[in-house]
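In our numbering, the protein residues as written are 162 to 861.
Here's the structure we're looking at; comments come further down.
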């Protein structure tokens with residue numbers, strides 16, 4: 162038996178294991194610098210310019226896409242000869258580099274160069290105002306689906322003059338500005354106003370006065386506005402007026418003075434009625450007290466005064482602000498109606514500087530009371546049924562329609578009661594028809610929040626603080642855009658909205674009242690149930706202006722005015738207006754339905770409605786939100802894609818849901834293009850795979 166010979170292992174020559182490395186150049190990363198550092202001079206802006214300025218020059222041409230890939234083609238599509246015929250040179254990519262000559266054409270000659278020859282005086286040129294560029298780089302945000310269309314007015318078309326044939330466009334040379342920045346802006350404003358007011362006369366500026374020679378004006382770029390019918394403002398003659406005698410003192414007024422003086426004597430209060438002011442529905446008796454008499458003694462006998470005067474209610478104002486008297490407000494025996502036509506005939510109402518000034522009524526002194534919504538900037542109107550709340554809303558709306566065109570003002574009207582704001586349908590001022598559904602109202606408020614954010618982005622890109630300065634810059638020609646209109650949102654009944662969609666409505670109202678003032682968006686909220694569950698603290702804290710009509714209890718008055726007073730009002734237009742610390746009493750103006758229909762018909766006859774979005778968009782938004790909130794949507798989507806089956810019956814059996822819910826989920830799948838549309842009796846087709854579905858749902 163042979164023994165197997167053990168094979169000895171062959172030893173191979175040992176080689177050193179090396180890892181390939183890229184060559185490391187000395188001086189690039191942490192090593193010793195082998196080059197000498199000098200101040201960087203960028204040759205792309207010319208050899209005479211240091212890299213200390215930012216030139217607003219953008220290379221817009223990226224080359225010819227046909228020739229760009231010729232290096233990878235066997236047969237070129239664009240030869241050098243064709244490139245010369247097309248561009249004039251085969252090196253057309255380098256024709257837009259900034260040189261010394263083009264830099265001087267843009268900035269003017271540098272002050273570091275030699276001065277012009279002695280004896281030649283260059284006439285200074287007036288700097289021209291250039292519109293502020295709004296082409297800032299904005300952050301690209303992912304576009305979300307199901308967002309209502311934004312309010313984008315029709316932008317004017319800018320027509321530029323075409324250069325003459327066979328002539329290169331000449332770049333205007335501008336002198337180098339050595340003045341401080343604020344002096345330059347100041348001089349620009351002065352010259353702009355001087356040139357605007359001059360017509361073949363003398364131009365006055367910082368350079369002196371000189372006669373203007375009559376020359377043929379060269380055609381300049383101009384704005385071409387889209388053809389639109391000019392808005393016709395309604396006239397105030399559409400409203401009736403009534404004559405009132407403010408100085409009249411009837412017999413019943415004199416009798417009440419005697420009763421008040423007698424009651425004060427009975428209780429040993431040293432004082433008497435000094436004067437009286439007769440208002441439309443309430444007369445204020447001003448009581449002068451003797452020195453040393455406590456003012457609170459009048460308040461202690463308020464019930465006795467009411468009984469002696471046989472009055473329904475009285476209101477004591479102790480003391481009257483600005484006067485050394487105690488005010489005793491007693492209802493009139495014969496009341497008068499304040500006509501809306503009398504109030505708006507006041508010249509203060511027709512001022513053009515305050516487009517959102519509205520007429521409310523007349524106070525006890527007989528003065529017309531106006532409120533500017535811009536200074537409010539949001540309002541809360543509350544009162545019981547039949548107290549005059551809806552009439553006040555109508556006077557506010559009519560006041561806005563009298564002074565503003567559809568280009569200056571847009572309205573969003575929310576009327577859950579369906580009857581109060583119906584006359585204002587089909588007006589050109591409306592962004593959408595009058596909303597009567599609570600869920601649609603919540604979506605409309607969310608649209609207003611989105612519009613507010615977009616407006617603030619425009620302000621930031623155009624150096625504007627608010628809507629007033631933004632429109633002023635447009636008027637001066639510094640911003641190339643359409644005039645931004647004000648937006649007024651009026652909710653006639655807040656309690657109904659809070660019952661249906663409390664969370665969405667409360668969040669939207671809170672955001673609007675917090676920061677929408679500068680964006681030109683104002684909110685007016687009316688309710689007949691001023692309780693803490695409707696008018697919450699988050700809403701009320703950001704609404705400083707309050708209008709209170711008659712309420713049922715002291716608690717409701719405290720909710721509106723943060724104090725008493727509204728429970729003693731008479732109703733039918735008797736209101737308390739609180740803008741600061743003091744509540745001002747006045748009688749609201751009355752506008753009949755015939756006059757409301759007269760002005761709305763007049764506006765509709767001369768203008769057609771131009772809605773930004775319709776009710777169908779709001780309904781679709783509500784439905785999509787309801788479906789998207791379904792917790793089974795993602796599970797159903799994965800089930801449909803994996804099984805390639807989108808029948809409603811299979812979804813009912815698999816997930817144990819009803820037919821209506823399964824149908825809504827399938828409609829949502831169709832909206833996201835996960836499944837095809839309904840094909841009659843045929844089954845729906847599944848249009849996505851798992852990876853595409855993950856992209857739609859935002860999952861990795």
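Even for Gly, the Cβ is constructed at its ideal location relative to N, Cα and C.
> With distances taken from CA atoms, which of 765, 704, 449 is nearest residue 585?
Replying inline: A check of alpha carbon separations from residue 585 across 765, 704, 449 identifies 765 as the nearest.
>> Judging by CA-CA distance, which residue of 510, 751, 823 is the nearest neighbour of residue 112?
In response: Residue 112 cannot be examined here, being either before or after the span of the chain that is shown, 162 to 861.
> What do you reckon, are the CB atoms on residue 517 and residue 760 nearer than 8 Å?
Replying inline: no
> Can residue 488 and residue 431 be called in contact, C-beta distance under 8 Å?
Replying inline: no
> For residue 555 versus residue 732, is the C-beta spacing smaller than 8 Å?
Replying inline: no
> Helix, strand or coil: how does DSSP classify residue 490 here?
Replying inline: strand
>> Quick check on residue 602: buried or exposed, where buried means 16 or more other Cβ atoms within 10 Å of its Cβ?
In response: buried
>> To the nearest angstrom, how far is the alpha carbon of residue 599 from that of residue 824?
In response: Rounded to whole angstroms, residue 599 to residue 824 spans 24 Å at the Cα level.
>> Counting C-beta neighbours from all protein chains within 10 Å, is the total for residue 868 16 or more, i.e. buried, or is it exposed?
In response: Because residue 868 is not part of the residues shown, which for the chain are 162 to 861, the question remains open.
> What whole-angstrom Cβ distance do residue 575 and residue 651 have, given they're in contact under 8 Å?
Replying inline: Yes, they are in contact, since the Cβ atoms of residue 575 and residue 651 sit about 7 Å apart, within 8 Å.
> Where in the region 672–719 do unbroken runs of the alpha helix (DSSP H), each at least 4 residues long, occur, reported from the N-terminal end onward?
Replying inline: Fully enclosed alpha helix (DSSP H) runs of 4 or longer: 698–701.
> Under the rule that 16 or more other beta-carbon atoms within 10 Å means buried, what is residue 623, buried or exposed?
Replying inline: buried
> Can you name the start and end residues of the alpha helix (DSSP H) that residue 758 belongs to?
Replying inline: 754–767
> For residue 417, is the classification buried or exposed, using 16 other Cβ atoms within 10 angstroms of its Cβ as the cut-off for buried?
Replying inline: buried
>> Please tell me whether, using a cut-off of 7 Å, the distance from the CB of residue 632 to the nearest non-hydrogen atom of the ligand FMN is below it.
In response: Because no ligand of any kind appears in the structure shown, any question about the ligand FMN cannot be addressed here.
>> Taking 8 Å as the threshold (C-beta atoms), are residue 581 and residue 551 in contact?
In response: In this structure, residue 581 lies closer than 8 Å to residue 551 by Cβ.
> In angstroms, rounded to a whole number, what distance separates the CA positions of residue 532 and residue 679?
Replying inline: Their backbone Cα atoms lie some 18 Å apart in a straight line.
> Between which two residues does the beta strand (DSSP E) harbouring residue 242 extend?
Replying inline: Counting along the chain, residue 242 falls outside any beta strand (DSSP E), though it belongs to the alpha helix (DSSP H) covering 241–248.
> When you compare each of 800, 541, 525 to residue 499 by their alpha carbons, which one comes out closest?
Replying inline: 525
> What's the C-alpha gap between residue 747 and residue 818?
Replying inline: 59 Å
> What distance in whole Å lies between the Cβ atoms of residue 707 and residue 656, which are believed to be in contact at a cut-off of 8 Å?
Replying inline: Their Cβ separation, rounded to whole angstroms, is 17 Å, which puts residue 656 and residue 707 out of contact at 8 Å.
> For residue 505, which three-state DSSP category applies?
Replying inline: helix
>> Quick check on the burial criterion: 16 or more other C-beta atoms within 10 angstroms. Buried or exposed for residue 626?
In response: exposed
> CB residue 570 to CB residue 590, shorter than 8 Å?
Replying inline: yes
> How big is the Cα-Cα spacing for residue 481 and residue 674?
Replying inline: 32 Å
>> For residue 730, tell me which candidate among 710, 799, 684 has the shortest Cα-Cα distance.
In response: 710
> I think residue 395 touches residue 588, with their Cβ atoms under 8 Å apart; what is that distance to the nearest whole Å?
Replying inline: Contact flag wrong, Cβ pair sits at about 12 Å.
> How close, in whole Å, do the beta carbons of residue 725 and residue 712 come, if the pair is a contact with beta carbons under 8 Å?
Replying inline: Contact doesn't hold; Cβ gap of about 10 Å is too wide.
> When the Cα of residue 616 is compared with those of 716, 810, 631, which residue comes out closest?
Replying inline: 631
> Cα separation between residue 663 and residue 755?
Replying inline: 35 Å
> From residue 537 to residue 737, what distance separates their C-alpha atoms?
Replying inline: Using only the alpha carbons, I get a separation of about 15 Å.
> Going by beta carbon distance, what residues of the same chain come within less than 6 Å of residue 502, once the five residues before and after it are set aside?
Replying inline: Answer for residue 502: 400, 401, 402, listed in chain order.
> Under three-state DSSP, which class holds residue 531?
Replying inline: strand
>> Just to confirm before moving on: does the CB-CB distance between residue 833 and residue 857 stay below 8 Å?
In response: If you check the CB distance, residue 833 and residue 857 come in under 8 Å.
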